[in-house]
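Visitor: I have a structure I would like to understand better, so I am pasting it below and will then ask my questions one at a time.
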Amino acid sequence: MPWHLKERFANYYQAWEPIQYGIWAVYAGAKKSFREGRYRDIFSIPSLQDSGFYLWFTTLNEHMVNFESMSVLPILVPAVSGVVLELGPGVGNQLCRFDKTKVTRVVGVEPNAHFAPDVARNVQAHGLEGVYELLTCGIEDSDVLEKHGIGAESVDSILSVQVLCSVADPRAVVRELYRLLKPGGRLVFWEHHRSSDWATVVAQYFWNPLWRSLIGGCNLTRDMKAIIAGAGPWENLDSLEGDEKEKPWGLMPRVWGELVKPKQT
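FYI, UniProt numbering numbers position 191 of the sequence shown as 191, with every residue one higher than the one before it.
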């Protein structure tokens, strides 16, 4: 079986460019904190990571928007309806895809407060005032969510677009998402995951420490299918799709789906 070494190396090396941007973004964020007299932030690793990731994301966002527009997202995101919980909206790239005739309320959960002004602008730009509410907290902050009406079996749809890669405990998070979903509710997601090709897995683990540190805690090595399957029973777990066959040496193969929580569990 041919190894396609040239193609593999080209794919594996692609991680270096976003990592370079990550290094620059952390440095630029530290310089800005110094100029503005926020000296404490310079010595706070979480603060540097948050500001650096925001700068990294907004610098590269045009490329992300173009990439996402050619993915399944324009078809997948409009599937959400009713009361929607959106995980990690970032600047709000998916807001343009919500079907306003189907969603009654959307609560975005974004722990990085740097993104809040961008989300607010996109809420206004896409006519979602009074529908979309942003909470600057994590999905783990159940007390905050409950104060805003998000509790057990209260959500019709959950949207997760490249978020589960960066949460601290993904298995605990998906169990919490399952708890929040109403019976018959749907988890709509588009995530990247660990490759099934062993050489690509080696490359993912090689890059992962630096990648995770610089790019919002993102992990390249998570078995996302197993993580999501472990949340609880799903009606249609065999319906998941992915692009790994099309991109066998890609460092970020995607998996996506619209999983339904059974009405009787």
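Cβ atoms here follow ideal geometry from the backbone N, Cα and C, with glycine treated the same way.
According to DSSP, is residue 85 part of a helix, a strand, or is it coil?
Guide: Residue 85: strand per DSSP, three-state reduction.
Visitor: Compute the beta-carbon to beta-carbon distance between residue 109 and residue 135, rounded to the nearest angstrom, for a pair I have assumed lies under 8 angstroms.
Guide: Contact holds; Cβ gap of about 5 angstroms.
Visitor: What does residue 257 pair with, by DSSP beta-bridge criteria?
Guide: Partner(s): 189.
Visitor: Report, in whole angstroms, the separation of the C-beta atoms of residue 180 and residue 152, which I expect to be a contact under 8 angstroms.
Guide: Right, the Cβ-Cβ distance comes to about 7 angstroms (below 8 angstroms), so this counts as a contact.
Visitor: Could you say if the segment 74–88 and the segment 157–172 meet the contact criterion of at least three C-beta pairs nearer than 8 angstroms?
Guide: Yes: at least three Cβ pairs fall under 8 angstroms.
Visitor: If you follow the beta strand (DSSP E) that residue 179 is part of, which residue opens it and which one closes it?
Guide: Note, residue 179: premise wrong, no beta strand (DSSP E); alpha helix (DSSP H) at 170–180.
Visitor: How would you write the range of the beta strand (DSSP E) that residue 97 sits in, first residue to last?
Guide: Here residue 97 belongs to no beta strand (DSSP E), and DSSP marks it neither H nor E.
Visitor: Looking only at its own chain, which residues have a Cβ that is under 6 angstroms from the Cβ of residue 14, when we skip the five neighbours before and after it?
Guide: Nothing listed; no residue qualifies.
Visitor: Whose CA, out of 245, 133, 30, 196, lies closest to the CA of residue 55?
Guide: Of 245, 133, 30, 196, the residue nearest in Cα terms is 30.
Visitor: How would you call residue 33, buried or exposed, if buried means at least 16 neighbouring beta carbons within 10 angstroms?
Guide: Residue 33 comes out buried.
Visitor: So, helix, strand or coil for residue 131, using DSSP?
Guide: Three-state result, residue 131: coil.
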